[in-house]
Structure formats: structure tokens, C-alpha cells
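First the structure, in the form of C-alpha cells, and then the observations on it.
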Amino acid sequence: MYYPPVMYEKTSETCDNTRKRRDPVDDDEDLLLIAEVAAMTRRSVDTLRWLRHCGEGPPAYRAGRRLYYRRGGVRQWLAEQEQTSGTRATA
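Under the numbering used here, read the sequence shown as residues 0 to 90, first letter to last.
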């Protein structure tokens with residue numbers, strides 16, 4: 000069965016790009032997967048799994064079979080690691 004393509008008329012309502020978009024980089028409530036946390040912390044996925052097993056890694060939440068990290072929790076954990084190491088890395 001053939002359905003002709005629907006033509007949409009461009010109006011100001013359909014082309015409104017004035018809405019402010021949320022920047023996920025700055026949102027501490029954003030959920031990350033373990034691979035994203037590994038890239039953020041520059042540690043391997045296996046290291047993050049081991050740290051979680053030992054209770055020393057960033058806080059994680061399980062939903063079904065997936066493991067999620069909150070961006071704010073990872074940032075806080077990194078700040079704690081920086082304070083406990085006693086030295087500050089320079090760029």
C-alpha cells in the first residue's frame with residue numbers, strides 16, 4: 000500500500016530554536032554508564048569494577064542489569080581522591 004509523503008508547512012511553531020537546551024556536561028544528576036566513567040576518570044572498566052567490589056570506587060546504582068553512576072558523585076569521588084592523595088596534579 001502506498002502512502003504519499005506528508006508535507007509539513009514551516010511555521011514559527013515548528014522551527015522554534017529559541018528554547019534553552021540542557022547541557023549534559025554541567026548536569027550533576029546526569030547518569031553515566033561504566034564506560035563513560037572510565038573515560039572520565041581515565042581508568043579501565045575492570046579497575047572501576049574492582050574498586051566497586053572493594054567499596055572504594057565512585058557510588059554506583061544498579062537498575063536491572065545496568066550499572067549507573069551520577070556525574071556529580073563521580074566528580075565528588077575524584078575530589079576526595081585528590082584530597083587524600085595530598086598532592087595536586089598540575090596541568
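Glycine included, each C-beta is placed from N, C-alpha and C at the ideal position.
Between the alpha carbons of Arg42 and Val73, how many angstroms are there, rounded? Working through the sequence shown from its first residue, we reach residue 42 at position 43. Working through the sequence shown from its first residue, we reach residue 73 at position 74. Spanning the two alpha carbons is a distance of roughly 12 Å.
When Cys53, Glu79 and Pro57 are compared against Glu35, the one with the closest alpha-carbon: Residue numbering aside, residue 35 sits at position 36 when the sequence shown is read from its first letter. Ranking Cys53, Glu79 and Pro57 by Cα distance to Glu35 puts Pro57 first.
Grab the span of the alpha helix (DSSP H) containing Leu50 for me, first residue to last. The residue given as residue 50 occupies position 51 in the sequence shown. Val44 to Cys53 is the span of the alpha helix (DSSP H), which, as asked, contains Leu50.
Assumed close pair Tyr67, Ala59 - CB separation to whole angstroms, cut-off 8 Å: The residue given as residue 67 occupies position 68 in the sequence shown. The residue given as residue 59 occupies position 60 in the sequence shown. Yes, they are in contact, since the Cβ atoms of Tyr67 and Ala59 sit about 7 Å apart, within 8 Å.
Neighbour-count burial assignment, Leu31, 16 or more Cβ in a 10 Å radius: The sequence position of residue 31 within the sequence shown is 32, counting from 1. Classification of Leu31: buried, given that the 10 Å Cβ count is 16 or more.
Thinking just about the alpha-carbon of each residue, which of Asp29, Leu50 and Ile33 is nearest to the one in Arg64? Mapped onto the sequence shown, residue 64 falls at position 65. For the residues Asp29, Leu50 and Ile33, the minimum Cα distance to Arg64 belongs to Ile33.
Option in Arg69, Arg48 and Thr40 with minimal Cα separation from Gln80: Mapped onto the sequence shown, residue 80 falls at position 81. Ranking the options by Cα distance to Gln80, first place goes to Thr40.
Going by beta carbon distance, what residues of the same chain come within less than 7 Å of Leu50, once the five residues before and after it are set aside? Here residue 50 refers to the residue found at position 51 when the sequence shown is read from its first residue. Hits under 7 Å: Gly56.
Local Cβ density within 10 Å of Arg70, reported as buried at 16 or more and exposed below that: As a working note, residue 70 is residue 71 in the sequence shown. Arg70 should be labelled buried.
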